[in-house]
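Working notes, structure below.
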Amino acid sequence: MSPERAWLADERSSVARDRILTVAEELFFRDGVAEVTMRQIADAAGCSRATLYRYFPGRTDLDLAYIDRTTGEIARIIGEKTAGIADPSDRLVAAVRTAIAGVQDNPALMAWFSPDSAAATGALAMSSDMINAVTGRFVALLGGPGDASDVAWIVRVVVSFLIVPASEDIDHLVRRYVVPVIVTGDERAP
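Start counting the sequence shown at 1; every next residue gets the next number (the UniProt record's numbering).
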């Protein structure tokens, strides 16, 4: 295959993946994440199940690809909202607040945090390379220790706020229970 044909094939592949993920997102919102099947996604995308499975060998692969795509979008927004914040504590609070708002403002994403889907969503969030990479880069920018447990802690905090929304002020809770551990490295936070 010529380099030009290979490039076109890669572009078509990317378009097909995006189309499948967009259709899946619509179905997740309409029917609920746990209710959507690979057959429904293939039918709605107008492709065969064989084509769907060529791009996503299983449902977990599709789910992780969707999570990774939306994580990239939310990470961009977090970057924009926190770029001008010099204080690491304030930057972390703004990032967590923005991540939560980014999910809450998207009904298709909120479908992942329904009672039927929350447990699977938490497990997927913890295993998403994209979520861990984005969170890891952000933690490193804060100047804290930035180890894997810091990244996991931030992901767990965001997921928990989405599964069980806080009646208290999120900024206050993040300053009290997350900032001391992530920014200062004080593992004895109150």
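Here a beta-carbon is modelled for each residue, glycine too, at the ideal position from N, C-alpha and C.
DSSP places Asp43 in the helix class (H, G or I) of the three-state scheme.
Asp61: member of the alpha helix (DSSP H) spanning 59 to 82, first to last residue. For Val158, the enclosing alpha helix (DSSP H) begins and ends at 148 to 163.
The beta carbon of Val151 is closer than 8 Å to those of Asn132, Thr135, Gly136, Val139 in its chain, skipping five residues each way along the sequence.
Under the three-state reduction of DSSP, Val178 is assigned to coil, being neither helix nor strand. Inclusion of Ala111 and Phe56 in the CB contact set at 7 Å is not warranted, their separation being larger than that value.
Under the three-state reduction of DSSP, Thr184 is assigned to coil, being neither helix nor strand. With 16 or more other Cβ atoms from the protein chains shown falling within 10 Å of its own Cβ, Thr70 counts as buried. DSSP places Thr37 in the coil class of the three-state scheme, outside both helix and strand. Linking Ile41 to Ala24 through their CA atoms gives a straight-line distance of about 6 Å.
In this structure, the alpha-carbon of Ile77 lies about 11 Å from that of Ala94. The beta carbon of Tyr66 sits closer than 7 Å to the beta carbons of Leu21, Ala24, Glu25 from its chain, once the five residues preceding and following it are set aside; these are given in chain order. The straight-line gap separating the alpha-carbon atoms of Phe113 and Arg59 is approximately 17 Å.
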